[in-house]
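Report on the following structure.
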Amino acid sequence: MTNTLNKELNVFIDKVKDNHGGEKFMIETHGCQMNEHDSDKIKWLMESMGFVSTEDEKEADYIIINTCSVRHSAEDKVIGRLGRLKHLKKTKKDLRVGVCGCMMQRKVSRDFVLEKFPFVDLIFGTNNIYRLPQLILASDEDNDVHVEIEESYSNLDNKLRTNITNNQSAYINIMYGCNNFCTYCIVPYTRGREVSRELEDILDEAKALVEDGVKEIILLGQNVNSYGKSLDNPISFAELLRALHEIEGLERINYMTSHPKDISDDLINCYKDLPKLANYLHLPVQSGSNRVLKLMNRHYTREDYFEIIDKVRKIRPDIALSTDIMVGFPDETEEDFLDTLDLVKRVEYDNAFTFLYSKREGTRAYDMENQIPKEVKSERFNRLLETVYGIQNKKNQKLVGTEQMVLIEGQSKNNPEKMTGRTDTFKLVHMPYDESKIGTMVKVRIQSANTFSLEGDLIDIEK
Ligand code: 5AD
Ligand code: SF4
Numbered sequence: 003m004t005n006t007l008n009k010e011l012n013v014f015i016d017k018v019k020d021n022h023g024g025e026k027f028m029i030e031t032h033g034c035q036m037n038e039h040d041s042d043k044i045k046w047l048m049e050s051m052g053f054v055s056t057e058d059e060k061e062a063d064y065i066i067i068n069t070c071s072v073r074h075s076a077e078d079k080v081i082g083r084l085g086r087l088k089h090l091k092k093t094k095k096d097l098r099v100g101v102c103g104c105m106m107q108r109k110v111s112r113d114f115v116l117e118k119f120p121f122v123d124l125i126f127g128t129n130n131i132y133r134l135p136q137l138i139l140a141s142d143e144d145n146d147v148h149v150e151i152e153e154s155y156s157n158l159d160n161k162l163r164t165n166i167t168n169n170q171s172a173y174i175n176i177m178y179g180c181n182n183f184c185t186y187c188i189v190p191y192t193r194g195r196e197v198s199r200e201l202e203d204i205l206d207e208a209k210a211l212v213e214d215g216v217k218e219i220i221l222l223g224q225n226v227n228s229y230g231k232s233l234d235n236p237i238s239f240a241e242l243l244r245a246l247h248e249i250e251g252l253e254r255i256n257y258m259t260s261h262p263k264d265i266s267d268d269l270i271n272c273y274k275d276l277p278k279l280a281n282y283l284h285l286p287v288q289s290g291s292n293r294v295l296k297l298m299n300r301h302y303t304r305e306d307y308f309e310i311i312d313k314v315r316k317i318r319p320d321i322a323l324s325t326d327i328m329v330g331f332p333d334e335t336e337e338d339f340l341d342t343l344d345l346v347k348r349v350e351y352d353n354a355f356t357f358l359y360s361k362r363e364g365t366r367a368y369d370m371e372n373q374i375p376k377e378v379k380s381e382r383f384n385r386l387l388e389t390v391y392g393i394q395n396k397k398n399q400k401l402v403g404t405e406q407m408v409l410i411e412g413q414s415k416n417n418p419e420k421m422t423g424r425t426d427t428f429k430l431v432h433m434p435y436d437e438s439k440i441g442t443m444v445k446v447r448i449q450s451a452n453t454f455s456l457e458g459d460l461i462d463i464e465k
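Next up, the structure:
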């Protein structure tokens, strides 16, 4: 894709290329799709600066860790990794280490890294990716740590592109940050307040991606339903979807994540009007108990949630639904938990991401009374998982014998004789390998199913 960065940034990129062209870099990504997409941007920037990607840390001249802070365990993983890098840095004096992402946006975590891991060379925030060339140049001059953090998103980042590595599907950020302040969540403190990108910028990016061969676009935002509200010319998420739908050559539109409190009828109607809108909705519920939902500051009840699901299913009866669910929120009783299990059984999710509540300093839930003991959380978590997997398996079995349109992603990582793809309902399908079909949409007959994936054969359309 063409380089649309502004001239000033290109000057820095060229300077880094002179100093580092041909050197190797490695990026490690923790956390969500937002981080994966940020890492794609960093990769694109590093390659623009002449660095070559490697998966082998021993040959890397630059190692960049993109961190997550949603749960305590995610931060622990990064700290463990930095501990190991300390030894590598001792044996490889010229190695440069960069740490970025949500954890660096949190002052407590950043200070911890600065104090315990003084060998780290670069620290930058989620809103400073475009400053990487300048940071690398500064780091060339001395052995000090160079830190750049901005509280809120800067428009310059708009111009950062990604390389199309798997060319059938690409992410586009439509907004950054979150204004919701769910009481358990650190994101509003790390990624800052909600900022939407201009419609024109999103459309330009989507068109350029489709010209490069992309078939599916996945729109990213912490709460896509409130997209566009703060723009000078306000526009709704549904209007954005309708505009994207017009792009010729784009075959499928997906998005994440939605907040139930903001789902409009206009958006629900898009499932009727826009055939390119994937038959899949990820709608985090978090808990099935009204009491817990209130403590979480979610602004909807389980009844509101059922109502949304009913409306969507009326329009698209076979839509796949997925969710995020948390167990062990402070003061969650067995009765509250049973409400969650009941909701899961009634909605019958195709997929659910399940989490053990993790206490995050700085959030409102951190100081709440009646934090739930670890053993109780784990026991509830296991029961939840059993229920979720049982439903998932049952729903996948129902697809055996059906025909599905599948967007082929590439060769299977575990079995070279197979390729993988995703149905319109975002289910993973394994099929016999056929190189000519990679990146295309094909018709597949599902032959068998398990809890996590489907197996199928291509249907020869010529016959
Ligand atoms: N503990 C556990 N899970 C969390 N999530 C967000 N914050 C926490 C936390 N403190 C989960 C929510 C959210 C998903 C991305 O991560 O379910 O939807
Ligand atoms: Fe966190 Fe709630 Fe915002 Fe999602 S909507 S990012 S859970 S504060």
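In our numbering, the protein residues as written are 3 to 465. The C-beta atom is built at its ideal place from N, Cα and C for all residues, glycine as well.
{"Check": "With DSSP collapsed to three states, give me the class of residue 187.", "Outcome": "coil"}
{"Check": "Got a sec: does the ligand 5AD put a non-hydrogen atom nearer than 7 angstroms to the Cβ of residue 421?", "Outcome": "no"}
{"Check": "Using CA atoms only, rank isn't needed, just tell me which of 455, 117 and 244 is closest to residue 423.", "Outcome": "455"}
{"Check": "Just to confirm before moving on: does the CB-CB distance between residue 174 and residue 207 stay below 8 angstroms?", "Outcome": "yes"}
{"Check": "Quick check on DSSP: helix, strand or coil for residue 413?", "Outcome": "strand"}
{"Check": "Would you give the residue range spanned by the alpha helix (DSSP H) that residue 424 belongs to?", "Outcome": "Careful: residue 424 lies outside any alpha helix (DSSP H), inside the beta strand (DSSP E) at 420-425."}
{"Check": "With a threshold of 7 angstroms on Cβ separation, who are the neighbours of residue 110 within its own chain once the five nearest residues in sequence on each side are excluded?", "Outcome": "363"}
{"Check": "Kindly indicate the opening and closing residues of the beta strand (DSSP E) around residue 17.", "Outcome": "Element bounds for residue 17: not the beta strand (DSSP E) but the alpha helix (DSSP H), 9-22."}
{"Check": "Helix or strand or just coil, what does DSSP make of residue 135?", "Outcome": "helix"}
{"Check": "At what residues does the beta strand (DSSP E) containing residue 66 begin and finish?", "Outcome": "64-69"}
{"Check": "What does the alpha-carbon distance come out to for the pair residue 448 and residue 297?", "Outcome": "43 angstroms"}
{"Check": "Please state whether the Cβ-Cβ distance between residue 107 and residue 192 is less than 8 angstroms.", "Outcome": "yes"}
{"Check": "Candidates 273, 141 and 212: which alpha carbon is nearest residue 21's?", "Outcome": "141"}
{"Check": "Between the segment 339-354 and the segment 368-375, can you find at least three pairs of beta-carbon atoms closer than 8 angstroms?", "Outcome": "no"}
{"Check": "Examine the ligand SF4 and report whether any of its heavy atoms sits within less than 7 angstroms of the Cβ of residue 319.", "Outcome": "no"}
{"Check": "First and last residue of the alpha helix (DSSP H) that includes residue 252?", "Outcome": "No alpha helix (DSSP H) contains residue 252, which DSSP labels as neither H nor E."}
{"Check": "Looking at the secondary structure, which residues open and close the beta strand (DSSP E) in which residue 148 lies?", "Outcome": "148-150"}
{"Check": "From this set, 34, 432 and 264, which residue's C-alpha is nearest residue 416's C-alpha?", "Outcome": "432"}
{"Check": "Taking the alpha-carbon positions, what's the residue 289 to residue 295 distance?", "Outcome": "6 angstroms"}
{"Check": "Near residue 506, which residues of its chain fall below 6 angstroms by C-beta distance, leaving aside the five closest residues on each side in sequence?", "Outcome": "Residue coverage of the chain in this structure runs from 3 to 465, which leaves residue 506 outside it and unanswerable."}
{"Check": "Using the C-alpha atoms, what's the distance from residue 34 back to residue 222?", "Outcome": "10 angstroms"}
{"Check": "Look at residue 200 and residue 246 and say whether their C-beta atoms are less than 8 angstroms apart.", "Outcome": "no"}
{"Check": "Any idea what DSSP makes of residue 279, helix, strand or coil?", "Outcome": "strand"}
{"Check": "Can you tell me which residues form a DSSP beta bridge with residue 365?", "Outcome": "In the DSSP output, where bridge partners are listed per residue, residue 365 has none listed."}
{"Check": "Under the rule that 16 or more other beta-carbon atoms within 10 Å means buried, what is residue 308, buried or exposed?", "Outcome": "exposed"}
{"Check": "Return helix, strand or coil for residue 1, following the three-state DSSP convention.", "Outcome": "Shown here, the chain extends from 3 to 465; a query on residue 1 therefore has no answer."}
{"Check": "Considering only DSSP beta bridges, list what residue 31 is partnered with.", "Outcome": "68"}
{"Check": "Check whether the Cβ of residue 224 lies closer than 7 angstroms to any heavy atom of the ligand SF4, and answer yes or no.", "Outcome": "yes"}
{"Check": "Rounded to whole angstroms, how far is the Cβ of residue 304 from the Cβ of residue 263, which I believe are closer than 8 angstroms?", "Outcome": "Actually they are not in contact, since the Cβ atoms of residue 304 and residue 263 sit about 13 angstroms apart, beyond 8 angstroms."}
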